[in-house]
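Peer 1: Under the numbering used here, read the sequence shown as residues 40 to 395, first letter to last. Positions of the beta carbon are idealized from the N, C-alpha and C atoms, including for glycine.
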Amino acid sequence: MSASPRAPSSASAPAAAEAAAQAGASALLADLLGSDKARRRRALAKAITLLESTRADHRARADALLGALLPHAGRSLRLGVSGVPGVGKSTFIEALGLFLVERGHRLAVLAVDPSSSLSGGSILGDKTRMVKLAAHPRAFIRPSPSAGNLGGVAEKTREAMLACEAAGHDIVIVETVGVGQSEVAVAGMTDIFVLLLLPNAGDDLQAIKKGVMELADLVVVNKADLDAAAALRAQAQIVGALRLLGGHVARELPQRAADAWRTEVLQASARDGSGIEPFWDAVTRCRELRERTGVLLAQRHAQDQAWMWERIDSGLRQRFREHPAVRAALPALAAQVRAGTLAPSVAARRLLDLVN
Ligand SMILES: Nc1nc2c(ncn2[C@@H]2O[C@H](COP(=O)(O)OP(=O)(O)O)[C@@H](O)[C@H]2O)c(=O)[nH]1
Ligand SMILES: [Mg+2]
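As structure tokens, this is what we get:
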């Protein structure tokens, strides 16, 4: 490529930057869609790094890339996997992943772990644990972005997912830690959401956050090899608990309101690989039902709308906080609210009036 001439006037500088961003995006996209496997893998890693970047000058290129790859995205099955640390998510994903790549699938594993930016990347340990899968040419594993807050991390994982799909991965698994709101975020970006539980889970079902159980399309009692009787008992107790919840996902996510799928409860041992095949069979049945009934597509459309609004909310909030008039007035008004001399709603209205 020849050196681009200096922009003659400041008016055309943005146009020049946009053209450069477009050119960079098309080059990356060509490698992503290409048939050279090594090149494709490098391009995917590079694309995700660009999408994850928080640098303002990278954002234009990242947006251009998103625009270019969008028509090639969306053709995968998106699977969310959640559960408390230590339940065996990574081990399960590796066993499932190997099962899938051996059958010719191309798998991508991503993660949403808002704690990783504090702990220095807890999923990195997982990556070394998924050694066999990570080494497989049809698998691509990416640790959680360390962007900080959940919204930022989830945003980057959603975008990375689109890049994986454009690169031809037909199954994307998003692993998330069972803490905070990250399960809700992952259920909101996947087609099917799976909750892993321990064989003793039945003994203290109360301990399982109610909202999370209600998000699950499939519940897997993992580590069944440790205690077969306990696993069986847990399975029965979870089935009973789900029946109380109405037999299926209570669907606090609006996009899941009308769905004929009934949550299934299975057993597995990620360590020895038992239960993986029945699990995949259940995933496949759920997917086929949702495709046939149009739920899958409707859910994705709703997820896209929700994603857009979530980013608008978050962006507006940030702009509001950074607005010079708000920054100037906020400390005094916040102090008055703290002192009890000003109603919070009145303070909020005064601040909001400042940005009009
Ligand atoms: N006995 C047994 N151990 C398991 C099983 N699955 C995972 N583990 C072990 O449980 C520990 C935590 O597993 P890991 O996959 O890292 O859990 P994560 O934190 O949920 O990702 C590891 O020592 C695994 O070897 C299983 O099915 N049976
Ligand atoms: Mg893990």
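Would you report the Cα separation of H427 and E253, rounded to the nearest angstrom?
Peer 2: Since the first residue shown for the chain is 40 and the last is 395, residue 427 is missing from the structure and cannot be characterised.
Peer 1: What do you reckon, is the C-beta of E91 under 7 Å from a heavy atom of ligand 2?
Peer 2: Within the sequence shown, residue 91 is the residue found at index 52, counting from 1. Result no, Cβ not under 7 Å from ligand 2.
Peer 1: For L237 versus V126, is the C-beta spacing smaller than 8 Å?
Peer 2: Start at 1 with the first residue of the sequence shown, and residue 237 comes out as number 198. Start at 1 with the first residue of the sequence shown, and residue 126 comes out as number 87. Yes, these two residues count as a Cβ contact at 8 Å.
Peer 1: Assuming L116 and D209 form a contact by the criterion Cβ under 8 Å, report the distance between their Cβ atoms to the nearest whole angstrom.
Peer 2: The sequence position of residue 116 within the sequence shown is 77, counting from 1. The sequence position of residue 209 within the sequence shown is 170, counting from 1. Going by Cβ atoms, the distance from L116 to D209 rounds to 7 Å, so yes, they are a contact pair.
Peer 1: Pick from L118, L355, D264 and S74: whose alpha carbon is nearest that of T35?
Peer 2: No information on residue 35 is available, as it lies outside the stretch 40 to 395 that the chain covers here.
Peer 1: Do you know how far the Cα of A275 is from the Cα of E91?
Peer 2: One-based indexing of the sequence shown puts residue 91 at position 52. One-based indexing of the sequence shown puts residue 275 at position 236. For E91 and A275, the distance between alpha carbons rounds to 42 Å.
Peer 1: Considering only C-alpha positions, which residue in the set V258, I231 and A147 is nearest to Q342?
Peer 2: Numbered from 1 along the sequence shown, position 303 holds the residue referred to as residue 342. With distances taken between Cα atoms, Q342 lies closest to I231.
Peer 1: Rounded to a whole number of angstroms, what is the C-alpha to C-alpha distance between L355 and D392?
Peer 2: Residue numbering aside, residue 355 sits at position 316 when the sequence shown is read from its first letter. Residue numbering aside, residue 392 sits at position 353 when the sequence shown is read from its first letter. Each residue's Cα considered, the two are about 14 Å apart.
Peer 1: Should E214 be listed as close to ligand 2, given that the test is whether its C-beta is under 7 Å from any heavy atom?
Peer 2: For the purposes of this step, residue 214 is identified with residue 175 of the sequence shown, where counting begins at 1. Yes.
Peer 1: Identify, in the order they occur along the chain, each residue of the same chain with its Cβ nearer than 7 Å to the Cβ of V151, setting aside the five sequence neighbours on each side.
Peer 2: The residue labelled residue 151 in the question sits at position 112 within the sequence shown. Once the five neighbours on either side are set aside, the close Cβ partners of V151 are S183, V192, A193, T196, V213, T215, S221, A224 and V225.
Peer 1: Taking only the alpha-carbon atoms, compute the straight-line gap between A56 and A64 and give it to the nearest angstrom.
Peer 2: Your numbering for residue 56 matches position 17 in the sequence shown. Your numbering for residue 64 matches position 25 in the sequence shown. Distance between the alpha carbons of A56 and A64: 12 Å.
Peer 1: How would you call S74, buried or exposed, if buried means at least 16 neighbouring beta carbons within 10 angstroms?
Peer 2: Here residue 74 refers to the residue found at position 35 when the sequence shown is read from its first residue. So S74 counts as exposed.
Peer 1: Do V259 and L328 count as a contact pair if the criterion is CB distance below 8 Å?
Peer 2: Taking the sequence shown and counting its residues from 1, the one referred to as residue 328 is at position 289. Taking the sequence shown and counting its residues from 1, the one referred to as residue 259 is at position 220. No. Outside cutoff.
Peer 1: K171: beta carbon under 7 Å from a heavy atom of ligand 2?
Peer 2: Counting from 1 along the sequence shown, the entry for residue 171 is found at position 132. Short note on K171: C-beta not closer than 7 Å to any heavy atom of ligand 2.
Peer 1: Indicate whether F131 and L235 have their beta-carbon atoms separated by less than 8 Å.
Peer 2: By one-based count along the sequence shown, residue 131 stands at place 92. By one-based count along the sequence shown, residue 235 stands at place 196. It is a contact, given that the beta carbons lie within the stated cut-off.
Peer 1: Among A206, V251, D352 and E349, whose alpha-carbon lies nearest the alpha-carbon of A69?
Peer 2: Start at 1 with the first residue of the sequence shown, and residue 69 comes out as number 30. Nearest of A206, V251, D352 and E349 to A69, Cα basis: A206.
Peer 1: Around the Cβ of V123, are there at least 16 other Cβ atoms within 10 angstroms (buried) or fewer (exposed)?
Peer 2: By one-based count along the sequence shown, residue 123 stands at place 84. Buried, since its Cβ has 16 or more Cβ neighbours within 10 Å.
Peer 1: On a CA-only basis, which of E349, A309, G250 and R81 is nearest L265? Give me that one, please.
Peer 2: One-based indexing of the sequence shown puts residue 265 at position 226. Per the Cα distances, A309.
Peer 1: Have a look at the DSSP bridge pairing and note the partners of A178.
Peer 2: Taking the first residue of the sequence shown as 1, we reach residue 178 at position 139. In the DSSP secondary-structure assignment, A178 is bridged to L146.
Peer 1: Which of the three DSSP states, helix, strand or coil, is assigned to L391?
Peer 2: Locating residue 391 in the sequence shown gives position 352, counting from the first residue. Reduced to three states, the DSSP call for L391 is helix.
Peer 1: Quick one: what's R117 bridged to in DSSP?
Peer 2: What you label residue 117 is simply residue 78 of the sequence shown in a count that begins at 1. Paired residue(s): V211.
Peer 1: Could you please give the first and the last residue of the uninterrupted alpha helix (DSSP H) stretch that includes L234?
Peer 2: Within the sequence shown, the letter at position 195 stands for residue 234. Segment I231 to L236 is the beta strand (DSSP E) holding L234; no alpha helix (DSSP H) there.
Peer 1: Is the beta carbon of G122 within less than 7 Å of some heavy atom of ligand 1?
Peer 2: Residue mapping note: residue 122 aligns to position 83 of the sequence shown, counting from 1. G122: yes, Cβ under 7 Å from ligand 1.
Peer 1: Do you know how far the Cα of A368 is from the Cα of F179?
Peer 2: As a first step, residue 179 is located in the sequence shown; it is residue number 140 there, counting from the start. As a first step, residue 368 is located in the sequence shown; it is residue number 329 there, counting from the start. F179 and A368: Cα-Cα distance of roughly 49 Å.
Peer 1: Please tell me whether, using a cut-off of 7 Å, the distance from the CB of G127 to the nearest non-hydrogen atom of ligand 1 is below it.
Peer 2: Position 88 of the sequence shown, counted from the first residue, corresponds to residue 127. G127: yes, Cβ under 7 Å from ligand 1.
Peer 1: Quick one: residues in its chain with C-beta nearer than 8 Å to the C-beta of F138, no 5 flanking neighbours on either side, listed in chain order?
Peer 2: As a working mapping, residue 138 is identified with position 99 in the sequence shown. Cβ within range, chain order: G312, I315, E316 and W319.
Peer 1: Ordered along the chain, which non-local residues of its own chain (more than five positions away) have a Cβ less than 7 Å from that of K166?
Peer 2: The residue you call residue 166 lines up with position 127 of the sequence shown. Any reading at K166 is ruled out, since the residue's pLDDT is 49, under 50, leaving its predicted position unreliable.
Peer 1: Please say whether S121 and V251 have beta carbons closer to each other than 8 Å?
Peer 2: By one-based count along the sequence shown, residue 251 stands at place 212. By one-based count along the sequence shown, residue 121 stands at place 82. Yes, the Cβ-Cβ distance between V251 and S121 is below 8 Å.
Peer 1: For E198, does the count of other Cβ atoms within 10 angstroms reach 16, so buried, or fall short, so exposed?
Peer 2: Counting from one through the sequence shown, the residue named residue 198 turns up at place 159. Result: buried.
Peer 1: S384 by DSSP, collapsed to three states: which one?
Peer 2: Looking up residue 384 in the sequence shown gives position 345. Three-state result, S384: helix.
Peer 1: Report buried or exposed for M228, applying the criterion of at least 16 other Cβ atoms within 10 angstroms of its Cβ.
Peer 2: Translated into positions along the sequence shown, residue 228 becomes position 189. Label assigned to M228: buried.
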